[in-house]
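At position 166 of the sequence shown the residue is numbered 166 (the UniProt record's numbering), and the sequence of numbers has no breaks.
Each residue gets a CB set at the ideal place from its N, CA and C atoms; glycine is no exception.
Here's the structure we're looking at; comments come further down.
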Amino acid sequence: MKLGYLYGGKLKGSVDLGTDPYTGLPSTLTVPGGFFPRTVGTVFFVDGSTGDNDNDGLSQGTAFNTITYALTQCTSGENDVIFCFNMWDQEPGVITVNKTDVHIFGVGLPTAPAAYLPAIGDNPVFRLLSSGNGVEIAGFTLGGGDNNPGIEINNCYTAWLHDLWFGHVGVGDTPQDGIRNDAGLHNYANLLVENCKFFGSLGPGKGAISRYGIFFNASGINGQNAQFVNNRFFNVGYAIRIVYGIDQLIEHNYIKIPTDDAIGRGIYYHQGAGSLIANNKATDDGADAMTNAAYYDNVVASNAWLCNQEGILDVFPDTTL
Numbered sequence: 001m002k003l004g005y006l007y008g009g010k011l012k013g014s015v016d017l018g019t020d021p022y023t024g025l026p027s028t029l030t031v032p033g034g035f036f037p038r039t040v041g042t043v044f045f046v047d048g049s050t051g052d053n054d055n056d057g058l059s060q061g062t063a064f065n066t067i068t069y070a071l072t073q074c075t076s077g078e079n080d081v082i083f084c085f086n087m088w089d090q091e092p093g094v095i096t097v098n099k100t101d102v103h104i105f106g107v108g109l110p111t112a113p114a115a116y117l118p119a120i121g122d123n124p125v126f127r128l129l130s131s132g133n134g135v136e137i138a139g140f141t142l143g144g145g146d147n148n149p150g151i152e153i154n155n156c157y158t159a160w161l162h163d164l165w166f167g168h169v170g171v172g173d174t175p176q177d178g179i180r181n182d183a184g185l186h187n188y189a190n191l192l193v194e195n196c197k198f199f200g201s202l203g204p205g206k207g208a209i210s211r212y213g214i215f216f217n218a219s220g221i222n223g224q225n226a227q228f229v230n231n232r233f234f235n236v237g238y239a240i241r242i243v244y245g246i247d248q249l250i251e252h253n254y255i256k257i258p259t260d261d262a263i264g265r266g267i268y269y270h271q272g273a274g275s276l277i278a279n280n281k282a283t284d285d286g287a288d289a290m291t292n293a294a295y296y297d298n299v300v301a302s303n304a305w306l307c308n309q310e311g312i313l314d315v316f317p318d319t320t321l
């Protein structure tokens, strides 16, 4: 029997209802998942505590031990699903997503992603390749190596990353960034990052990210149509730092500026074009205005900035550093 996934009150994927008693044919209910209805493929289970990679992985009682192994059993393009329980450091290394249209869910607490995944060595936790286009990842609290992010995107298109926590002190890592692209592989077109939290170490609190929340550098047109929506940032060096973003949407992000409130700590947008940046809010101490501008755009006329706030005041971005 295939199971749909109830996440955030919405059923995504499909539910196998078994055999229709009247026709004798398989009966599957398909419901909206992501942007369009889909029928899920095989559902696998991973249990970092009691699982075994010699199991079949088809039930919680016969779960695999690692996400890495579960991915070897997935088929590209089939919308296979991986549910993960009791996660910690059992992965053999970086979890490299190299199958298309795979959905990876951490099953945790109702109010927080409690499926913790630390990095293995100075590496990302997840690495998304072009062979893993269309991946969905949700429900994890991710670490990252000292010089690496929680999730590294290497030429991966149409990834959907949501309901994730980055840099939480409970993981024990000190990641450099939350999400970023690889230095030489810049493609991240159609990426959607939503409902995520990024905890930094650059201000009051117990966050662990040492640099940026979201960082995409020299991306050019290959970052086209990316969306960063409804995320929360606490004391990271730059909440969102993007170079050469094209036709992107950045909206409804809430940002706690770090102690050093240099220009652009909220959203740093350099050489972008055609993008809408709207209804974001940033503050350093709850004041009506900050010492330095929370937003930066060196070609502001090429993008639309709408109703972005510092404290309770609508502001436009600074255009020079």
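Practice item. Could you work out which residue in Asn235, Gly205, Asn253 and Ile209 is closest to Gln227 when comparing CA atoms only? Key: Asn253
Practice item. Determine the burial state of Ile312: buried for a count of at least 16 other Cβ atoms within 10 Å of its Cβ, exposed for fewer. Key: exposed
Practice item. Sort Asn147, Ala218, Pro258 and Tyr238 by Cα distance to Ile246 and report the nearest one. Key: Ala218
Exercise for review: Enumerate, from N- to C-terminal direction, the unbroken beta strand (DSSP E) stretches of 3 or more residues contained entirely within the region 74-119.
Suggested key: 81-85, 95-97, 103-106 and 115-117
Check your understanding: In its own chain, which residues sit with a C-beta less than 7 Å from the C-beta of Ser49, not counting the 5 before and 5 after it?
Key -> Asn86
Check your understanding: What is the DSSP secondary structure of Val171, reduced to helix, strand or coil?
Key -> helix
Point to revise | Outcome for Thr100 when other beta-carbon atoms lying within 10 angstroms are tallied against a minimum of 16 | key: buried
Exercise for review: Can you tell me which of the three DSSP states Tyr69 falls into?
Suggested key: helix
Check your understanding: How is Pro26 classed by DSSP in three states: helix, strand or coil?
Key -> Any reading at Pro26 must be qualified, since the residue scores a pLDDT of 49, below 50, and its modelled position is unreliable; no value is offered.
Exercise for review: Using three-state DSSP, classify Gly61 as helix, strand or coil.
Suggested key: helix
Practice item. Could you name the residues of the same chain whose beta carbon sits closer than 6 Å to that of Ala304, not counting the 5 residues immediately before and after it, in chain order? Key: Leu276
Practice item. State yes or no: is the C-beta of Asp261 within less than 8 Å of the C-beta of Asn231? Key: no
**Study point:** Selected residue, minimal CA-CA separation from Met290, among Glu310, Gly207 and Asn225
**Key:** Glu310
**Study point:** Limits of the beta strand (DSSP E) - the one that His270 falls within
**Key:** Ile267 to His270
Point to revise | The beta strand (DSSP E) enclosing Leu128, as first and last residue numbers | key: Phe126 to Leu129
Practice item. Please report how far the alpha carbon of Asp318 lies from the alpha carbon of Ser210, in whole angstroms. Key: 24 Å
Exercise for review: Check Thr19 in the structure and name its three-state DSSP category.
Suggested key: Bear in mind that a pLDDT of 49 at Thr19, under 50, signals an unreliable position, so the model cannot answer this.
Point to revise | Euclidean distance between Cα positions of Gly172 and Ala138 | key: 20 Å
Practice item. Return yes when the Cβ of Val46 is within less than 8 Å of the Cβ of Ile82, no when it is not. Key: yes
Practice item. Could you name the residues of the same chain whose beta carbon sits closer than 6 Å to that of Glu194, not counting the 5 residues immediately before and after it, in chain order? Key: His162, Val229 and Asn230
Exercise for review: Determine which residues share a DSSP beta bridge with Ile151 and list them.
Suggested key: Phe126 and Ile179
Practice item. Measure the Cβ-Cβ separation of Tyr116 and Cys156 and say whether it is below 8 Å. Key: no
**Study point:** Exposure of Pro92, with buried meaning 16 or more beta-carbon neighbours within 10 Å
**Key:** exposed
Exercise for review: With distances taken Cα to Cα, identify the nearest neighbour of Val43 among Ala273, Asp54, Ile267 and Leu58.
Suggested key: Leu58
Check your understanding: Taking just the CA atoms, how far does Tyr295 sit from Phe316?
Key -> 7 Å
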